[in-house]
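Read the structure below first, then the notes.
In this note's numbering, the protein residues as written are 500 to 898.
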């Protein structure tokens with residue numbers, strides 16, 4: 500094929516819709532990607548953790564947490580960095596198992612340039628999804644792993660339908676890993692007498708699912724224009740999603756602050772440490788890393804009482820908001836069309852009532868935050884990960 504033909508082919512390829520191009524690449528990758536071989540009866544020694552370890556995404560963060568958990572438990576924890584279009588980078592001992600924090604649709608793309616020796620071992624997938632119905636196409640990802648870990652009972656139940664008897668519930672071991680240290684929140688105009696309610700969200704994770712405008716409405720109903728109460732919305736991905744970012748930025752007011760710049764993790768952590776209340780009126784979560792970290796830091800959370808976040812909270816330690824299950828309608832098309840998929844429509848009035856109670860009562864905030872820390876510390880202590888590794892025949896790493 501000459502260069503002119505290649506150029507024409509490339510131009511035609513670029514004319515295809517992004518989703519069609521993605522499906523085409525995935526089809527080719529499924530042919531090229533090495534499948535997991537039959538598991539050996541011999542034990543594995545240590546675990547390599549593969550994923551987009553350098554990505555500032557929820558899955559990237561999950562991969563880093565899993566890696567830290569494996570290391571803290573004494574199972575080695577050899578990092579393998581994945582990225583679409585490039586070969587995995589990292590050292591994997593021959594006897595080690597492999598834990599892949601890569602969702603089913605991306606597995607072929609991530610493994611297409613991997614050496615076959617990478618998967619000639621016990622291979623475990625860690626998958627996260629945000630609805631009670633998983634796309635049927637995810638079942639094909641089962642050919643690349645021997646077992647799948649789900650971070651919450653909500654996700655495990657959904658995955659069990661497509662991969663029966665191959666799913667294990669293993670929450671992200673945040674309490675085991677330890678939280679990053681808190682740095683000073685430089686550049687934030689937050690007087691000590693102001694009670695801060697914080698929402699943190701990635702616009703790349705579906706604006707509709709994250710449901711930030713419901714949180715804004717709840718705050719307005721609770722506090723109107725009170726200057727002693729402030730709502731902060733910290734956005735990630737605003738540059739890539741300008742339309743959604745503009746909708747949120749339009750709600751800014753003297754007591755509602757929108758922060759859309761790119762911040763390092765340490766600065767976001769400092770902002771969370773300054774916050775008095777963490778708010779999430781999500782329609783669905785596979786897990787809820789922000790909420791989990793907030794609870795471990797002793798912050799009271801006001802959150803929709805449905806989906807993955809229920810793995811580490813209940814009504815004894817969090818302000819759980821009532822909801823109605825409705826059919827999924829998602830403009831981003833991430834979650835549609837999926838037949839029979841439903842998610843929560845949280846009760847804004849209920850959320851406003853809880854915000855008002857917590858915003859006006861420092862003692863209640865302190866008590867709920869203390870219970871939240873204890874509950875999350877127990878739920879996310881890494882014991883489920885240790886048991887899962889042992890059940891998979893994994894021994895501590897060789898010296």
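All C-beta atoms in this analysis are idealised placements derived from N, C-alpha and C, irrespective of residue type, glycine included.
| Item | Value |
| --- | --- |
| Where does residue 596 fall in DSSP's three states? | strand |
| Assuming residue 675 contacts residue 611 (C-beta within less than 8 Å), just tell me the rounded distance between them. | Their Cβ separation, rounded to whole angstroms, is 33 Å, which puts residue 675 and residue 611 out of contact at 8 Å. |
| Provide the residue span of the alpha helix (DSSP H) that contains residue 768, from first to last. | 764-773 |
| Using only CA atoms, which one of 568, 602, 616 lies nearest to residue 590? | 616 |
| From residue 773 to residue 853, what does the alpha carbon distance come to, in whole angstroms? | 20 Å |
| From the DSSP output, read off the bridge partner residues of residue 733. | 699, 758 |
| Pick out whichever of 811, 796, 758 has its Cα sitting closest to the Cα of residue 784. | 811 |
| Roughly how many whole angstroms lie between the Cα atoms of residue 677 and residue 893? | 23 Å |
| Please classify residue 812: does DSSP put it in a helix, a strand, or coil? | coil |
| Distance, Cα to Cα, residue 889 vs residue 883? | 10 Å |
| What residue range does the alpha helix (DSSP H) around residue 714 cover? | 711-722 |
| Taking the alpha carbon of residue 795 as the reference point, which residue from 710, 871, 721, 724 has its own alpha carbon closest? | 871 |
| Hey, is the stretch 600-607 in contact with the stretch 715-728, meaning 3+ C-beta pairs nearer than 8 Å? | no |
| Buried or exposed: where does residue 814 fall if 16 or more other Cβ atoms within 10 Å of its Cβ makes it buried? | exposed |
| Give me, in chain order, the residues of the same chain whose beta-carbon lies closer than 7 Å to that of residue 661; leave out the 5 immediate sequence neighbours on both sides. | 633, 635, 637, 638 |
| Assign residue 588 to one of two classes, buried (16 or more other C-beta atoms within 10 Å of its C-beta) or exposed (fewer than that). | exposed |
| Under 9 Å, do residue 655 and residue 620 count as touching if we go by C-beta distance? | no |
| In this structure, does DSSP put residue 806 in helix, strand or coil? | coil |
| If you run the structure through DSSP and keep just helix, strand and coil, what is residue 705? | coil |
| By Cβ distance below 6 Å, which residues in the same chain neighbour residue 828 in space, the five residues on each side in sequence not counted? | none |
| Cβ atoms of residue 818 and residue 793: under 9 Å apart, would you say? | no |
| Pick out the complete alpha helix (DSSP H) segments inside the stretch 623-707, 4 residues or longer, and give them in chain order. | 652-661, 673-676 |
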